[in-house]
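Here is the structure we will look at, set down as structure tokens.
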Amino acid sequence: MFDTEDVGVFLGLDVGETTHHGHGLTPAGKKFLDKQLPNSEPKLRAVFDKLTAKFGIVLVIVDQPASIGALPLTVAQATGPCPPGEEPQWQARVRVLAVDLFVPGDVVARDLERLAAATKFPAALLGVTIEDTSTRGILRPRNVSGDLEVIRTDRGDADAGAAKIARARALVGRRVLVHKDMEGLASNPMHKVRGAVRLMDLGPELEAIGEDEAKNHVLAADGDKDAALHVWNGAGLPERGPVSAEQLGRALAAVPVT
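Residues in the sequence shown are numbered from 40 upward in steps of one, following our numbering.
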């Protein structure tokens with residue numbers, strides 16, 4: 040449940056393809072706005088900035104959730120509830136996700152549908168490598184059960200895929216909220232693989248990974264015990280004791296992609 044105690048004003052938006060209509064109320068029920076608003080992101084931002092400067096927090100309610108109003112609702116759902124005391128960080132995540140989705144209409148519809156249907160789970164992102172044959176990024180998130188998943192990005196020779204790979208590399212060793220789906224390969228649509236839809240930064244990964252588990256992950260990724268040991272030592276990991284997600288990520292990054 041969203042706490043409205045600190046909301047300065049409520050702004051309802053009747054959105055349309057060419058124009059919007061705004062209807063604003065104070066918490067006491069006094070109307071302060073009832074007029075047509077511009078259908079332009081910069082102009083709407085200017086309106087919101089003025090309201091924020093005057094009233095503080097502005098809670099915007101958007102209609103038509105199945106069509107035109109789908110973007111803000113999807114952004115809120117994908118971001119998740121706001122933890123108590125983390126309002127600035129939550130608002131920053133909302134803004135980042137909204138900007139990522141603000142693209143041409145046909146692409147928006149596709150991305151919204153994919154994001155809404157994606158499975159979400161928290162994980163430590165331990166590695167990102169590139170598959171030579173497809174140029175896709177291969178992500179290795181460690182889920183809460185300690186299992187290492189393999190998730191693929193879009194092709195790295197396209198802008199969207201390259202951006203997602205760069206984003207993932209910047210998050211190695213950190214805790215992320217993974218949005219994934221199952222997608223068919225172009226060469227064989229019946230063969231499904233895990234696809235990376237969205238990665239959201241949740242902060243540093245503070246949980247250490249046990250020695251046996253970490254070594255098993257490297258061995259499973261390489262497949263050869265001697266080669267895995269070489270990778271382990273080459274990454275500068277200790278012979279004994281737990282390792283951090285960042286340390287294990289360095290080792291996994293050195294494993295050749297087959």
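Glycine included, C-beta positions come from ideal geometry on N, C-alpha and C. Quantities reported herein were computed from a predicted structural model and do not represent experimental measurements.
Beta carbon of residue i nearer than 8 Å to that of residue j
i, j, result
"F49", "G61", "no"
"K219", "A235", "yes"
"A267", "L276", "no"
"V211", "G166", "yes"
"R233", "I169", "no"
"K231", "G242", "no"
"G47", "G95", "yes"
Nearest residue (CA-CA) to residue i, options the options
i, options, result
"G273", "V294, S283, D240, R279", "V294"
"D53", "L76, D240, E126", "L76"
"L154", "G166, T168, M239", "M239"
"R289", "D265, H256, D263", "H256"
"I177", "G47, G68, A292, H59", "A292"
"G51", "V99, F71, D88, P180", "V99"
"N299", "L287, A67, T57, D186", "With the chain running from 40 to 297 in the structure shown, residue 299 is simply not present."
"V86", "D171, K69, H59", "H59"
"L187", "V101, A260, K74, K264", "A260"
"A247", "E126, G185, A92", "G185"
"P156", "M221, K82, E252", "Residue 156 is actually Ala in this sequence, not Pro. It is M221."
"E250", "L83, W271, A67", "W271"
"T172", "E152, K82, A225, G55", "A225"
"T65", "G55, L90, R84", "L90"
Cβ-based burial, residue i [other Cβ within 10 Å; buried from 16]
i, result
"V183", "exposed"
"K254", "buried"
"L193", "According to the sequence as given, residue 193 is Asp; it is not Leu. It counts as buried."
"V142", "Note on V142: pLDDT 49, under 50, position unreliable in the model; the coordinate value appears next. Exposed: under 16 other Cβ atoms inside 10 Å."
"G195", "buried"
"R181", "buried"
"E244", "buried"
"A284", "buried"
"R179", "buried"
"R237", "buried"
"R175", "buried"
"L287", "buried"
"K207", "The amino acid at residue 207 is misidentified as Lys; the sequence shows Ala. Under this definition A207 is a buried residue."
"G144", "Caution is warranted here: a pLDDT of 49 is assigned to G144, below 50, making its placement in the model unreliable, and the coordinate value is therefore given only provisionally. Exposed: under 16 other Cβ atoms inside 10 Å."
Sheet register partners of residue i (DSSP bridge)
i, result
"V48", "V97"
"N182", "A162"
"E222", "V232"
"Q286", "Q286 is not bridged to any residue."
"I204", "According to DSSP, which records beta bridges pairwise, I204 is partnered with nothing at all."
"R175", "R194"
"H59", "L76"
"P243", "R213"
"D314", "Residue 314 is absent from the model: the chain starts at 40 and stops at 297."
"V294", "DSSP output for V294 lists no bridge partner at all."
"K70", "L64"
"V167", "L178"
"L268", "According to DSSP, L268 bridges with nothing at all."
Exercise for the section: For the stretch 215 to 226 and the stretch 154 to 170, state whether three or more C-beta atom pairs, one from each stretch, are separated by less than 8 Å. Expected result: yes
Practice task
Spell out a yes or no on whether the stretch 280 to 289 and the stretch 194 to 204 are touching, meaning 3 or more CB-CB pairs, one atom from each, closer than 8 Å.
Solution key: no
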